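First comes the structure, then the notes that go with it.
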Amino acid sequence: MLGRLKQMLIKEFIQVLRDKRTRFILIVPPIVQMLVFGYAATFEIHNVSTVVLDQDHSQESRDLVSRFTSSPYFNVQRQLTDSRQIRDLIDRGDATVGLEIDAGFAQKLRKGETAPVQVIVDATNSNTALIASAYITQIALGFAQSYQTDRINRIAPQMIEQMPSVSLEQRPWYNPNLSSRWFFVPGVIGSLTTILVITLTSFAVVREREIGTLEQIMVTPIRPVEFILGKTLPFFLIGLFDVSLIALVGTLWFQVPFRGHIYVLFTGAVLFLICMLGVGLLISTVSSTQQQAMVTAFFFIMPAITFSGFGFPIATMPQWLQYCTYLSPLRYFLVVLRGTYLKGVGMDILWPQMAAMAGLGLSLLTIAVLRFHKALD
Amino acid sequence: MSLTRLLAVAKKEVLHILRDSRSLSIVIIMPVTLMLLFGYGVNLDLKGLPVYVYDQDGSQQSQDLLKRFQSNEYFHIVRAVDRYSGVTRALDDGDAKMGIVIPWNFSQRLSEGGPVEVQALVDATDDNTANLLIGYAQGVMQGYSSGIEIDWLRKHGQSIQPVSVSVQTRTWYNENLDSSAFIIPGVLALVMSVIGAFLTSLTIAREWERGSMEQLISTPVTAMEIMLGKLLPYFVIGMFDVAVCALIAIGWFHVPFRGSFLTLAGSSALFMIVVLALGFFVSVIAKSQLAASQIALLITFLPAFLLSGFLFAIEQMPVALQWITRIFPARYYVSLLKQIFLKGSPAAMLAADLLPLTAFALLLALVATRSFHKRLE
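In the order they appear, the protein sequences are chains A and B. Residue numbers for the first sequence follow our numbering, so the first one is 125 and each next one is one higher. Residue numbers for the second sequence follow our numbering, so the first one is 740 and each next one is one higher.
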């Protein structure tokens, strides 16, 4: 048995590694994708192009505008003179935020009335608009706060010392600089592995069927179990190699910290790879051509990634969809990846994820092997 | 070039597609699936995020503050714990996105006077969520603190007008900051990349792999006729899918459609030519289906997903990468889609994207034809 399995493994490795293009596929696309993702995937906002129309021309309005000018999130490009210009600039996409301070702003502030600031945000990108609005509100509140302190200081300077005030001390844990890259890089490791292992595994079997070599193998004394092991083991090892490669690029190039234990990540990766091999094999049992395999794989990969919490929070999905996410093995692997990379947590926290992946992996693999047996008989 | 021969090749290709039920299903189900995936699965507007509180003070004042958080739609206080480790554990587990810790001397400091700090521990693995959470929490806190200050001053005989600035934000083009309105127009580009490049490159690579392309070449059909005949059915399918997607976007997800259907059809046709030419070119240079599908993924689907502004704002990427996005046609198409759907920009404003897209269509069609000729010789 071991002898036959060994021969089968040798054959598979030769087949995968002999072709220059396949060798290329195993190494270059994952690295390119890691790099592109690392640089392109960001929900952070900086230097949002902003135009200002200050019709109040007061000390107060200038003070408020200067808070925007000095903020790293906004890039105040122009001071306008006419409110029609705002419409025009935003329509053309030359400005994302338009700030309009009407005449009477300072007067209202001094009287203790509510002083309005009009803000127009281009919300074609709703995420940029959302975060920009949050920052705008923060800046306006900060302005109001210090204006109030100044006023108290003028009226009753002796009291400011004793006056109670409450402030929020914010502590962003695990990712103190709020870097998008730290969030995305561990996730990319998981999604790239998904794509690679599933396509490779399903293609490997279907290809043999398509060109007719599967029948040739079946007439040899090899047993189905040996065949399946021989087909999946190489991709398991290749998968591990690629996980390490992508993880290494992510860690060294993008300087994402790794705070947990290697063995925890490794255990998670092994369990996750078992799930992916199961899916790949399953796809190969229902496809007779490589094109069909590709199409079927695509139908699995897209939802698996979208519902994994890879880039879009699961908490904001509709409830029924949140239940669906439990079926995606990637969901659990991402928690392990982010847990070991950023949070530095261990098995005591991550065991439910490990258990879920082990359960999913075993059932997927069992179904795949049973189906495969049938297909071979 | 003979139209009869061209149509004969096209007819053969249509038969191929119709015979293979899986390929046929991708043509119809894939656009619908992708639309639903992104329409329901992506929501970046966070509401009701789980918060743990550790109130060391347990006074009337601290409860007042917590009520302010509770009544804010962005926070959902799920549990009050009695130990600091309860909060940290919840963050490690991912059960809470934020932990609010109120110090034991909170009410005492408020009555005695002087500054007091409330801690907000935020799980910042997802920087986007953390950023918004911190912003909203600061807003709640400043409102509370300002009230405390004014009350205290009044009690000590200083009547002072509270300062209030209200930010009146209008979000143009996407008034409700609806994530789906921002995401869905771009999904069209993804669908077309899959249909155009993925499916085409696989179909044609299969002919090379099986040797049936040589058979086709030995017939009197010219290279141009083969190419156009093969691509014509996919062009029709792609345009059909655009119509399906537009219908779902407008009819099901209520994405506004402010432009004209004519510009939508025109720019979609241009982009279809681009992806078809790319898919064809890839299948000519890559011998195997595996290589063709991976390369097609890398040069069409990935840029359409990452480098097009579909999800991640191009202005926020590093400058070098911003330049790179210009060499991927998806960028122009996604920008056109967003303008056509959300802004309803006049044709003159669309020219900035239409011109490069046209140039790409011509250039790539030429490259594809050339490479095919060369391969034949």
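Just so it is clear, CB atoms sit at the ideal spot from N, CA and C, and this is done for glycine as well. Computed from a predicted structure; not experimentally measured.
**OP:** Would you kindly work out how many angstroms separate the C-alpha atoms of Met837 of chain B and Glu856 of chain B, rounded to a whole number?
**Re:** C-alpha separation (whole angstroms): 16 Å.
Original post:
For the beta strand (DSSP E) that Tyr793 of chain B lies in, which residues bound it at each end?
Top reply: Leu788 to Asp794
Subject >> Within chain A, partners of Lys1077 of chain B - CB distance below 9 Å >> reply: Neighbours of Lys1077 of chain B on chain A, chain order: Thr248 and Asn249.
Subject >> Uninterrupted alpha helix (DSSP H) stretches inside the stretch 367-447 of chain A (no shorter than 4 residues) >> reply: 386-410 and 414-430
Original post:
Can you list the beta strand (DSSP E) stretches of 3 or more residues lying completely in the stretch 182-230 of chain A, in chain order?
Top reply: Whole beta strand (DSSP E) segments, 3+ residues: 198-204 and 221-225.
Original post:
If the cut is a Cβ gap below 7 Å, which residues of chain A does Glu856 of chain B touch?
Top reply: Chain-ordered, the chain A residues with CB closer than 7 Å to the CB of Glu856 of chain B read Ser291 and Glu293.
Subject >> Through-space distance from Gln954 of chain B to Val1014 of chain B, alpha-carbon basis >> reply: 26 Å
Original post:
Where in the stretch 925-988 of chain B do unbroken runs of the alpha helix (DSSP H), each at least 4 residues long, occur, reported from the N-terminal end onward?
Top reply: 939-949, 951-957 and 962-986
Original post:
Is it right to say Arg142 of chain A is buried, meaning 16 or more other beta carbons lie within 10 angstroms of its own, or is it exposed?
Top reply: exposed
**OP:** Run the CB neighbour count on Ala371 of chain A, radius 10 Å, all protein chains shown included, and call it buried at 16 or more, exposed below.
**Re:** With 16 or more Cβ atoms within 10 Å of its Cβ, Ala371 of chain A is classed as buried.
Original post:
Is Leu401 of chain A close to chain B, meaning its C-beta is less than 8 Å from at least one C-beta of that chain?
Top reply: With 8 Å as the cut-off, Leu401 of chain A does not count as an interface residue toward chain B.
Original post:
Exposed or buried, what is Met418 of chain A when buried is set at 16 or more other beta-carbons lying within 10 Å of its beta-carbon?
Top reply: buried
**OP:** Can you pull the chain B residues whose beta carbon is under 8 Å from the beta carbon of Ser304 of chain A, in chain order?
**Re:** Chain-ordered, the chain B residues with CB closer than 8 Å to the CB of Ser304 of chain A read Asp866 and Asn867.
Subject >> 8 Å Cβ cutoff, Glu168 of chain A in contact with chain B >> reply: yes
Subject >> Delimiting residues of the alpha helix (DSSP H) encompassing Phe1019 of chain B >> reply: Phe1000 to Ile1024
Subject >> Candidates A:Asn171, A:Asp206 and A:Met283, of which the one nearest Ala256 of chain A by Cα >> reply: The option with the nearest alpha carbon to Ala256 of chain A is A:Asn171.
Original post:
Under three-state DSSP, which class holds Pro995 of chain B?
Top reply: coil
Original post:
How close, in whole Å, do the beta carbons of Pro381 of chain A and Leu466 of chain A come, if the pair is a contact with beta carbons under 8 Å?
Top reply: 7 Å
Original post:
Start and end of the alpha helix (DSSP H) containing Gly874 of chain B?
Top reply: Asp866 to Lys894
**OP:** Output the residue ranges of the alpha helix (DSSP H) runs that lie fully inside the stretch 754-812 of chain B and measure 4 residues or longer, sorted by chain position.
**Re:** Runs of the alpha helix (DSSP H) inside the stretch 754-812 of chain B: 760-780 and 799-809.
**OP:** Could you pull out every unbroken beta strand (DSSP E) segment of at least 3 residues lying fully inside the stretch 260-319 of chain A, listed in chain order?
**Re:** Taking only runs of at least 3 residues, the beta strand (DSSP E) segments lying wholly in the stretch 260-319 of chain A are 289-297.
Subject >> Alpha carbon of Ser885 of chain B to alpha carbon of Ser289 of chain A, nearest angstrom >> reply: When rounded, the distance between both Cα atoms is 8 Å.
Original post:
In chain A, which residues lie with their C-beta within 9 Å of the C-beta of Ala1030 of chain B?
Top reply: Asp143, Arg145, Thr146, Phe148 and Ile149
Subject >> Any chain B beta carbon closer than 8 Å to Ala253 of chain A >> reply: yes
**OP:** Starting from Trp843 of chain B, follow the beta strand (DSSP E) in both directions and report where the run begins and ends.
**Re:** Trp843 of chain B -> no beta strand (DSSP E), and no H or E assigned at all.
Original post:
For Phe921 of chain B, which three-state DSSP category applies?
Top reply: Phe921 of chain B: helix per DSSP, three-state reduction.
Subject >> Short CB-CB distance (under 8 Å) between Pro995 of chain B and chain A >> reply: For Pro995 of chain B, not one C-beta of chain A is nearer than 8 Å to its own C-beta.
Subject >> Residues that Leu1046 of chain B contacts on chain A, provided the C-beta gap is smaller than 8 Å >> reply: Val160 and Ala164
Subject >> One or two residues paired with Glu856 of chain B in a DSSP bridge >> reply: Looking at the DSSP assignment, Glu856 of chain B forms a beta bridge with A:Ser291.
Original post:
Going straight from the alpha carbon of Asp832 of chain B to that of Arg186 of chain A, what length do you get?
Top reply: 46 Å
**OP:** Would you mind telling me which residues of chain A sit closer than 9 Å to Phe979 of chain B, beta carbon to beta carbon, in chain order?
**Re:** The contacting residues do not exist; Phe979 of chain B stays about 17 Å from chain A at best.
Original post:
Should the stretch 441-450 of chain A be regarded as contacting the stretch 348-367 of chain A, the criterion being three or more beta carbon pairs within less than 8 Å?
Top reply: no
Original post:
Rounded to a whole number of angstroms, what is the C-alpha to C-alpha distance between Ile1053 of chain B and Leu1046 of chain B?
Top reply: 7 Å
**OP:** Could you have a look at Pro348 of chain A and say whether DSSP puts it in helix, strand or coil?
**Re:** Residue state, collapsed to three classes: helix.
Original post:
Does the beta carbon of Val312 of chain A come closer than 8 Å to any beta carbon on chain B?
Top reply: It does not; no Cβ of chain B falls within 8 Å.
**OP:** Below 8 Å on the Cβ atoms is my guess for Leu1075 of chain B versus Leu1093 of chain B; work out the distance and round it to an integer in Å.
**Re:** 7 Å
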